[in-house]
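Okay, so the sequence shown: first residue is 1 according to our numbering, each after it adds one.
Backbone N, C-alpha and C define an ideal beta-carbon position, used for all residues, glycine too.
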Amino acid sequence: MFAYGLRRILLMVPTLFAIILVNFVIVQAAPGGPVDQLIAELRGTQGSGLGQVAGGGGELRSTATSANENRGARGLNPDFVAQLNQLYGFDKPAPERFWIMLKEYVGFDFGTSFYQGKPVIQLIAEKLPVSISLGLWTTLLTYLISIPLGIRKAVKDGSAFDIWTSGVIVIGYAIPGFLFAVLLIVLFAGGKYFAWFPLRGLVSDDWASYSMPHQILDYFWHITLPVLSLVISGFASLTMLTKNCFLDEINKQYVVTARAKGLGERRVLYGHVFRNAMLLVIAGFPAAFIGILFTGALLVEVIFSLDGLGLLGFQAAIGRDYPIMFGTLYIYTLVGLALKLISDLSYMFVDPRIDFGTRGQ
Numbered sequence: 001m002f003a004y005g006l007r008r009i010l011l012m013v014p015t016l017f018a019i020i021l022v023n024f025v026i027v028q029a030a031p032g033g034p035v036d037q038l039i040a041e042l043r044g045t046q047g048s049g050l051g052q053v054a055g056g057g058g059e060l061r062s063t064a065t066s067a068n069e070n071r072g073a074r075g076l077n078p079d080f081v082a083q084l085n086q087l088y089g090f091d092k093p094a095p096e097r098f099w100i101m102l103k104e105y106v107g108f109d110f111g112t113s114f115y116q117g118k119p120v121i122q123l124i125a126e127k128l129p130v131s132i133s134l135g136l137w138t139t140l141l142t143y144l145i146s147i148p149l150g151i152r153k154a155v156k157d158g159s160a161f162d163i164w165t166s167g168v169i170v171i172g173y174a175i176p177g178f179l180f181a182v183l184l185i186v187l188f189a190g191g192k193y194f195a196w197f198p199l200r201g202l203v204s205d206d207w208a209s210y211s212m213p214h215q216i217l218d219y220f221w222h223i224t225l226p227v228l229s230l231v232i233s234g235f236a237s238l239t240m241l242t243k244n245c246f247l248d249e250i251n252k253q254y255v256v257t258a259r260a261k262g263l264g265e266r267r268v269l270y271g272h273v274f275r276n277a278m279l280l281v282i283a284g285f286p287a288a289f290i291g292i293l294f295t296g297a298l299l300v301e302v303i304f305s306l307d308g309l310g311l312l313g314f315q316a317a318i319g320r321d322y323p324i325m326f327g328t329l330y331i332y333t334l335v336g337l338a339l340k341l342i343s344d345l346s347y348m349f350v351d352p353r354i355d356f357g358t359r360g361q
């Protein structure tokens, strides 16, 4: 296991390099970079309105102010455009910029946001607790619901319970999580019927002044609807996976033999079938968590105005804030590769008979 883990860790380096390189090339080829956006804003903005473009950087604001003095009738002063390119680092060739970025990323130096004026690593650290809260609670609740339900469906295969729960699962699988989020807002967050839950944020504005029990209740009060919308849309596939794994194991010869020896149905199910059937389900926990954390929660964060990594990356992509875009991509990829390794090692831990290191030998 150690040798396999070491090989996988070494393989992460070229994988991470390839992913960053492909995305860097794509972003460079895409039109509408930060300089283009600022120039377009400058052409259509008069006077002090340029300060809104600056976002958070004083240097950019002062540069934009000088643009008003240099702006001619037909466009911007070429010297000012050159200053913008230098400010954003685009005065260097793309290969040189990529090499500089790689050297900085090794030390987790992602630079400073173009528009927010803060270090990217600080922004990621500020937003990470929100995304982890969504991903962790959603994954835990999904497993707590899907595993017992899948086992029950396998035991009651073909019964009325199995049929009507399958209908619910099909509906949950077919409707995206963000549509459930909108429905929950309309029903329970003051959209049209009830105003039982808050619409925005992870905690109340005066959360710090609450007592500890009140803070915990306030936190769960805010996160209920976002997590529920993700759980409803995410439990379907895991439930069916659990059911199919149990059905596959129940029909095997060792189960027939155990029953023939007079073992009770509960002991057969949980003493013999459970471990083998749950191999795929339990070992897939890291992959499920990373999927919910970095993909499924994006639109939910936007809908509920949760200031997490998903919303941060979305706003950066819209505004062409390249340091945040590449910084979050680097973190996403690194965490994804690490959790994939943990997922594979989990298979080997749950069932020692599995050895990825001997495949192909």
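Looking only at its own chain, which residues have a Cβ that is under 8 Å from the Cβ of residue i, when we skip the five neighbours before and after it?
i    : result
V255 : E249, V268, H272 and V273
W196 : F188 and A189
E104 : F110 and G111
V203 : Q215, D218, Y219 and H222
Q361 : Here the model assigns Q361 a pLDDT of 45, short of 50, so the residue's position is not dependable, and the following value carries that caveat. Closer than 8 Å at the Cβ level, and outside the excluded window around Q361, lies no residue.
A82  : D91
P93  : none
Is the beta carbon of residue i within less than 7 Å of some heavy atom of the ligand MN?
i    : result
V227 : Of the ligands one can find in the structure shown there are none, so the ligand MN has no counterpart to examine.
Once the 5 residues before and after residue i are set aside, which same chain residues still bring their CB inside 6 Å of it?
i    : result
A160 : none
L199 : A189
A316 : I324 and M325
I9   : none
V227 : W137 and T138
M12  : L337
A154 : K243, F246 and L247
Find the nearest neighbour of residue i within the set the options, judged by alpha-carbon distance.
i    : options                   : result
A174 : R266, K153 and I232       : I232
G135 : A317, R320 and L309       : L309
T328 : A94, A125 and E96         : A125
R275 : L298, L123, L263 and F246 : F246
A297 : F110, A260, S131 and V120 : S131
R152 : L225, D91, N244 and R97   : N244
Q28  : F220, V13 and P95         : P95
F90  : G107, V106, F114 and F108 : F114
G172 : F108, V186, S133 and T142 : T142
S343 : D321, L279 and E301       : L279
L312 : P148, R266, V281 and V120 : V120
E301 : Q253, V182 and R320       : V182
A277 : A208, L102, N251 and R7   : N251
I282 : P148, G262 and A260       : P148
G176 : P93, G234, G107 and I318  : Checking the sequence, you will find Pro at residue 176 rather than Gly. The residue with the shortest Cα to Cα distance from P176 is G234.
V106 : I20, G264 and Y270        : I20
With a Cβ-Cβ cutoff of 8 Å, do residue i and residue j count as a contact?
i    : j    : result
G5   : L345 : yes
I169 : A236 : yes
G201 : L306 : yes
S146 : T242 : yes
I303 : F178 : yes
G158 : T239 : no
F180 : S229 : yes
F17  : F98  : no
Can you name the start and end residues of the alpha helix (DSSP H) that residue i belongs to?
i    : result
G310 : L309 to G319
V203 : It is not in any alpha helix (DSSP H) - V203 carries neither H nor E in the DSSP assignment.
I216 : M212 to I250
K127 : V120 to V155
Q253 : Q253 to A260
G158 : Segment: none, G158 is in no alpha helix (DSSP H) and carries neither H nor E.
K103 : A94 to V106
I303 : A297 to I303
F90  : First-last for F90: undefined, no H or E at that position.
V268 : E265 to V268
F373 : Here the chain covers residues 1 to 361 and nothing more, so residue 373 does not appear.
According to DSSP, which residues form a beta bridge with residue i?
i    : result
A189 : A195
T112 : P119
Who are the near neighbours of residue i in its chain, counting only those whose CB is closer than 7 Å to its CB and skipping five residues on each side?
i    : result
I331 : I124
K156 : D162
L128 : L309
I26  : none
M101 : F326
Y210 : D218
G319 : Y115
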